[in-house]
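Taken in sequence, the protein lines are chains C and Z. Going by this note's numbering, the first sequence opens with residue 22, and the numbers climb by one from there. Going by this note's numbering, the second sequence opens with residue 9, and the numbers climb by one from there.
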Amino acid sequence: MDLFSPLLDALPAVLTFPNLLAMIGGVLVGIVVGSLPGLTATMSIAVLLPLTFTMDPLVALGMMAGIYNGAMYGGAIPAILLRIPGTPAAIVTTFDGYPLAQQGRAGYALQVALLSSAFGGMMSAIAMMILAPPLSLVTLAFGPPEVFWVGIFGMAAVAVFLGEDMPKGFLSALIGLFIGMIGLDPVMSTDRFTFGRLELESGIDIVVLMVGLYAIPPCLEMAEDTAKAMGTRMKLEFQPFLKTIREIPRYFKIWSWAYLYGIFVGLLPGASGSFVSFLAYERAKRISKDPDSFGKGNPEGIAASEFGNNADNAAALIPTVTLGIPGSSVAAVIMGGLLVQGLQPGPDLFRNSADIIYGFMIQMFLTSLILIPLGGSFATNLFAQVLRIPRPLLIPLIICLSIVGAYCVQNSLFDVWLMFGFGLLGYVMSKTGLPLAPVALGVILGPLIESNLRLSLLLDVRNEHILFTRPICMVLIALLVLTTVLPPVWKYIQARRAREA
Amino acid sequence: MKSIHNDVVLGTSVAILAALGIHRALGFGADARVFPLLILGPTVVLGLVIAVRGHLKQRRTGDSPDFFASPGRFALVAIGMALALVGLRYLGFLTTSAVTIPVLAAALGYRRPLPILATTAGFIAMVYIVFIQILSRPLPAEIWTRLGGS
């Protein structure tokens with residue numbers, strides 16, 4: 022009763038016409054912004070924030086919720102159609118989305134992404150409604166040593182399970198961690214590997230890296246292949262949306278794991294939705310009856326990735342609204358929006374402005390729900406038409422879109438050259454069988470891992486080896502050992518059995 | 009003549025670059041070099057492992073996969089992209105796109121003027137409306153605006 026009465030009290034204000042309009046408008050803007058590389062939910066909310074100053078708080082928050090949820094799905098659109106992740110969280114969606122599009126099933130891939138995003142967002146909002154205050158306490162049990170091991174575990178899991186060749190997986194992860202450390206070091210601000218370039222001091226932006234790494238190699242490979250496929254267009258088959266909806270039970274198990282990861286990682290400040298989708302994908306591959314089909318167009322990979330990165334949406338706001346600690350960059354901008362409206366995050370928010378904060382949670386739920394009709398009719402059929410463009414024409418279009426995406430991050434031509442360099446790196450990696458995903462994750466997690474390692478060492482004043490002796494650390498180390506040792510041992514046993522047979 | 013296996017080139021290059029990185033990292037402050045050394049040390053080892061493994065594999069099977077499927081077409085797109093990046097500075101984004109899209113499409117063998125023009129115009133209109141008009145993102149200035157202003 023305590024839970025439902027504030028939600029019921031807030032509902033009438035949420036269902037007013039200006040509010041519904043703000044939510045619908047926000048979702049549409051979010052889908053478009055998310056689908057354009059270089060434009061993120063964080064940036065678009067920040068750009069539109071001044072417009073909300075004079076709005077009613079709930080209308081302003083409704084628009085932000087719409088942009089947030091819309092952009093998280095929008096990122097999947099270019100990831101599936103062009104292998105350009107619209108947002109960092111959509112990197113994993115490219116693994117199976119793009120192969121499905123090449124098989125002529127782009128429409129179906131978009132439908133799976135849409136349903137997974139929408140249900141992920143709705144479930145995340147429900148978690149926020151029910152668990153916000155108690156779950157925020159979990160965050161307090163995770164200090165720098167625990168966050169360090171979470172990061173290392175994530176890197177190792179991705180290096181082991183996403184590549185077919187373990188040494189190459191680990192090499193990719195190390196390359197990513199190296200790229201992530203370019204710039205000023207997080208504690209002493211020492212210049213590292215900047216070669217005197219001021220532009221590198223703030224580090225490599227993940228958007229520049231991922232646009233280069235994921236968008237340029239397919240262009241080069243498509244060009245090499247164009248001689249054979251001159252003037253051909255990719256196939257484009259649609260299946261009724263209702264048929265895809267009926268397939269939902271197939272994804273329940275994958276979604277459940279992605280949900281757990283989303284809530285858990287969402288609570289950890291600094292860890293983001295991109296990390297959740299990696300973890301969810303790796304788990305989906307492990308529990309699948311057909312793990313070999315992952316990376317070749319298995320819709321379960323898209324379901325895991327999209328549900329995972331959206332399950333983190335509202336969860337990342339839990340520490341923001343309860344403790345005033347933003348769990349992600351977009352949460353930080355939303356916190357700015359709350360502050361502008363005179364709403365101070367923290368326990369008092371639930372007492373003094375219950376109607377607004379519970380209203381915001383309902384808006385997070387409703388904007389995810391609205392995604393289904395808006396995305397189902399608007400995005401799926403409209404955006405999939407991109408694949409009708411002949412390949413020789415598609416290549417320069419992708420190149421120009423990548424240029425504008427990289428340039429818009431910091432209005433810097435240097436970033437565009439950097440993106441081109443990463444494109445060539447991605448091409449070399451793709452040709453030599455080095456997986457791309459661990460590089461992207463290394464850049465995302467590298468600074469988090471290093472700063473928490475160094476904080477842990479600074480905290481260890483009594484030389485108690487806190488990195489190894491705290492209970493949660495020990496559990497994480499055990500998981501890490503199991504993750505890295507078991508697969509090669511299992512592979513060896515299977516190979517031996519096969520030889521003996 | 010037997011060519012060198014891709015993994016040998018990859019592993020050796022990575023190991024050399026990582027070793028150079030270690031040399032540079034040793035010049036950082038005591039705390040700032042810990043993490044780079046923790047990363048670059050294993051990178052050298054893994055690079056060497058991959059190179060040796062590639063060499064052994066080539067000796068055992070004799071295969072050496074080609075790196076480029078079509079070196080000419082790869083060069084065409086890579087040079088086209090580099091020229092577009094140079095053009096960006098002097099011509100502006102919209103003008104560069106208006107030149108790059110039709111020229112590269114034609115160079116890759118697609119020469120139907122109407123679809124090329126329609127797609128180019130559509131792309132430029134989308135960028136202008138979304139990036140410049142709605143989101144006010146400043147793109148590299150167009151050459152005609154600079155010429156007009158002088």
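C-beta: ideal position from N, C-alpha, C; glycine also.
Contact set between residue i and chain Z, taken where Cβ atoms lie within less than 8 Å
{"i": "C/T108", "result": "Those within 8 Å of C/T108 in chain Z number zero; the least Cβ separation is about 15 Å."}
{"i": "C/V133", "result": "None at all; the shortest Cβ gap to chain Z is about 26 Å."}
{"i": "C/R213", "result": "A33, F36, A40 and P44"}
Buried versus exposed call for residue i [16 or more other C-beta atoms within 10 Å across all chains shown]
{"i": "C/G91", "result": "buried"}
{"i": "C/E485", "result": "exposed"}
{"i": "C/G287", "result": "buried"}
{"i": "C/F38", "result": "exposed"}
{"i": "C/F54", "result": "Note that residue 54 of chain C is Val in the sequence shown here, rather than Phe. So C/V54 ends up on the buried side."}
{"i": "C/K306", "result": "buried"}
{"i": "C/N432", "result": "exposed"}
{"i": "Z/Q66", "result": "buried"}
{"i": "C/S56", "result": "buried"}
{"i": "C/S138", "result": "buried"}
{"i": "Z/R154", "result": "exposed"}
{"i": "C/N373", "result": "exposed"}
{"i": "C/A499", "result": "exposed"}
{"i": "C/S223", "result": "exposed"}
{"i": "C/V228", "result": "buried"}
{"i": "Z/I24", "result": "exposed"}
CB contact below 8 Å: residue i versus chain Z
{"i": "C/W16", "result": "Lying before the first or after the last residue shown, residue 16 of chain C is absent from chain C, which here runs from 22 to 522."}
{"i": "C/D117", "result": "no"}
{"i": "C/Y428", "result": "yes"}
{"i": "C/D481", "result": "no"}
{"i": "C/C240", "result": "yes"}
{"i": "C/L41", "result": "no"}
{"i": "C/I151", "result": "no"}
{"i": "C/L234", "result": "no"}
{"i": "C/F443", "result": "no"}
Three-state secondary structure (DSSP) of residue i
{"i": "Z/R119", "result": "coil"}
{"i": "Z/L18", "result": "helix"}
{"i": "Z/R145", "result": "coil"}
{"i": "C/L479", "result": "helix"}
{"i": "C/G204", "result": "strand"}
{"i": "C/R218", "result": "coil"}
{"i": "C/L497", "result": "helix"}
{"i": "C/R491", "result": "coil"}
{"i": "C/R372", "result": "helix"}
{"i": "C/R267", "result": "helix"}
{"i": "C/D333", "result": "helix"}
{"i": "C/D21", "result": "Because chain C is modelled from 22 through 522, residue 21 of chain C falls outside the range shown and cannot be assessed."}
{"i": "C/D212", "result": "strand"}
{"i": "C/F404", "result": "helix"}
Residue span of the alpha helix (DSSP H) that contains residue i, given as start and end
{"i": "C/P33", "result": "F25 to V35"}
{"i": "Z/L46", "result": "V42 to T69"}
{"i": "Z/Y136", "result": "Element bounds for Z/Y136: n/a, residue is neither H nor E."}
{"i": "C/D555", "result": "Residue 555 of chain C lies beyond the stretch modelled for chain C, which goes from 22 to 522, so this question has no answer here."}
{"i": "C/Q431", "result": "R412 to Q431"}
{"i": "C/T114", "result": "I112 to Q123"}
{"i": "C/I101", "result": "A97 to L102"}
{"i": "C/F443", "result": "L434 to T453"}
{"i": "Z/R81", "result": "P79 to L99"}
Per-residue contacts from residue i into chain C (C-beta, under 8 Å)
{"i": "Z/A149", "result": "Simply none; closest approach about 11 Å."}
{"i": "Z/T127", "result": "I410, L414 and L418"}
{"i": "Z/T108", "result": "P417, I420 and C421"}
{"i": "Z/P146", "result": "N432"}
{"i": "Z/A23", "result": "Neighbours of Z/A23 on chain C: none; closest Cβ ~10 Å, over 8 Å."}
{"i": "Z/L28", "result": "Residues of chain C passing the Cβ test: none, with the nearest at roughly 10 Å."}
Within chain Z, the residues that residue i reaches when beta carbons sit closer than 7 Å
{"i": "C/E471", "result": "F43"}
Interface residues of chain C facing residue i [CB-CB closer than 7 Å]
{"i": "Z/R67", "result": "Neighbours of Z/R67 on chain C: none; closest Cβ ~18 Å, over 7 Å."}
{"i": "Z/L112", "result": "I416 and P417"}
{"i": "Z/I124", "result": "L414"}
Neighbouring residues, chain C, relative to residue i (Cβ below 9 Å)
{"i": "Z/D15", "result": "K189, T453 and G454"}
{"i": "Z/L96", "result": "I424, Y428, L434 and V437"}
Check: residue i C-beta below 7 Å from any heavy atom of the ligand ZN
{"i": "Z/T153", "result": "In terms of ligand content, the structure shown is empty, and the ligand ZN therefore cannot be addressed."}
Closer than 8 Å to chain C by CB, residue i
{"i": "Z/S105", "result": "yes"}
{"i": "Z/D71", "result": "no"}
{"i": "Z/G117", "result": "yes"}
{"i": "Z/R154", "result": "no"}
Amino acids of chain Z, ordered along the chain, whose beta-carbon sits closer than 9 Å to that of residue i
{"i": "C/V502", "result": "Near C/V502 there are no residues of chain Z at all, since even the closest Cβ is about 17 Å away, more than 9 Å."}
* Asked: In the segment 46 to 59 of chain Z, which residues sit with their C-beta less than 8 Å from some C-beta in chain D, listed in chain order?
  -> Here the protein chains are C and Z, and chain D is not one of them.
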